[in-house]
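Engineer: FYI, the numbering for the sequence shown is 487 to 708, going by my numbering. Note that CB positions come from ideal geometry on N, CA and C, so glycine has one too. All of these numbers come straight from a predicted model, not from anything done at the bench. The following block contains the structure, expressed as structure tokens.
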Amino acid sequence: MYRLIYFSSAGRAEAIRIVLDISKLSWEDVTVDFSGYSEIRDSGKLPWGLLPVLETPSGILSESSAILRYIGNMTYLNSNDNWSSAKIDECLDAISDMTHILTNTFRIDDIDEKIAARKALVAPGGKLSNCYDTFCRKLENSKTGWIAETEGPSIADIKLFSDCFGLVSGNYDGIDISLLEGRDILLDFHTRISELPVILSRYSDMKNDPIRWIYRPDAFSK
Ligand SMILES: N[C@@H](CCC(=O)N[C@@H](CS)C(=O)NCC(=O)O)C(=O)O
């Protein structure tokens, strides 16, 4: 039995949740609030003091990308080829960098200041806007249409799906779906991933879920 421990948000865990579903491993989605997190952290159980962690038969694994690779290796979503798996890693790290840009705004307490900071990030030429342009360019230039140019979707595509659309769900003040405007290739990518059978069924009853509605194929249809 595998146990994923994280907050109830999508955050750094949603891609792992999807990959665990695809793996068909038996796993439990353990969600904690901040006090639950503090308790686990203070017990010394977290390898790096942060979530997510995955409890496995071999021990506790931390770091969201490491967990993705570990479970991805048990599925068709990672590659045995050294070069191809390195390119998948490259994408995972680059997508994580995008997430770090947003994380920097969490420490801003004043809501107006926070919104202003995020609006600057998503405005043309802003750091997040530039990341989305890069994702579009990567998808456009990919011979296979997948972010790491793999034959089929990889863990990097699952992370791109989870993080890129997770950002526009409306849960981050100052950021909304206008970030996708003019970025049709991302919407096409969204359709291809959201229609993978496991993903389709995972989000089938989440049309009204405030966080996860964006993972359904009909999320952005007019
Ligand atoms: N590089 C780590 C970052 C983990 C991380 O920053 N986790 C946050 C939640 S998204 C956390 O545990 N925050 C608790 C705190 O900082 O007190 C990863 O990708 O897993």
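#1: Can you give me the Cβ contacts of residue 647 inside the same chain, cut-off strictly under 6 Å, excluding the 5 residues immediately before and after it?
#2: Could you give the distance in angstroms between the alpha-carbon of residue 519 and the alpha-carbon of residue 527?
#3: Residues around ligand 1, please: the condition is that the C-beta lies closer than 5 Å to some non-hydrogen atom of it.
#4: Answer with buried or exposed for residue 593, where buried requires no fewer than 16 other C-beta atoms within 10 angstroms of its C-beta.
#5: State the start and end residues of the unbroken alpha helix (DSSP H) segment that holds residue 523.
#6: Report, in whole angstroms, the separation of the C-beta atoms of residue 509 and residue 560, which I expect to be a contact under 8 Å.
#7: So, with DSSP's three-state summary, where would you put residue 579?
#8: Closest to residue 552 by CA distance: which of 603, 498, 637 and 601 is it?
#9: Expressed to the nearest angstrom, what Euclidean distance is found between the alpha-carbon atoms of residue 503 and residue 490?
#10: Can you check which of these residues, 644, 575, 581 and 631, is closest to residue 614 by C-alpha distance?
#11: Would you kindly work out how many angstroms separate the C-alpha atoms of residue 628 and residue 595, rounded to a whole number?
Structural biologist: Based on what the coordinates show:
#1: Taking the first residue of the sequence shown as position 1, residue 647 is located at position 161. Cβ within range, chain order: 679.
#2: Taking the sequence shown and counting its residues from 1, one reaches residue 519 at position 33. Taking the sequence shown and counting its residues from 1, one reaches residue 527 at position 41. Across the structure, residue 519 and residue 527 are spaced so that their CA atoms are roughly 12 Å apart.
#3: Around ligand 1, the residues selected by a Cβ distance under 5 Å to any of its heavy atoms are 497, 498, 536, 537, 549 and 550, following chain order.
#4: By one-based count along the sequence shown, residue 593 stands at place 107. With fewer than 16 other Cβ atoms from the protein chains shown falling within 10 Å of its own Cβ, residue 593 counts as exposed.
#5: Here residue 523 refers to the residue found at position 37 when the sequence shown is read from its first residue. Annotation: the continuous alpha helix (DSSP H) that includes residue 523 extends over 520-528.
#6: The sequence position of residue 509 within the sequence shown is 23, counting from 1. The sequence position of residue 560 within the sequence shown is 74, counting from 1. Confirmed, about 5 Å.
#7: Here the question's residue 579 lines up with position 93 in the sequence shown. The DSSP-derived three-state label of residue 579 is helix.
#8: If you number the sequence shown from 1, residue 552 lands on position 66. Selected option, being the one with the closest Cα: 498.
#9: By one-based count along the sequence shown, residue 503 stands at place 17. By one-based count along the sequence shown, residue 490 stands at place 4. Computed Cα separation, rounded: 8 Å.
#10: For this step, residue 614 is matched to residue 128 along the sequence shown. Minimum Cα distance to residue 614 is reached at 581.
#11: Along the sequence shown, one-based indexing puts residue 628 at 142. Along the sequence shown, one-based indexing puts residue 595 at 109. In this structure, the alpha-carbon of residue 628 lies about 40 Å from that of residue 595.
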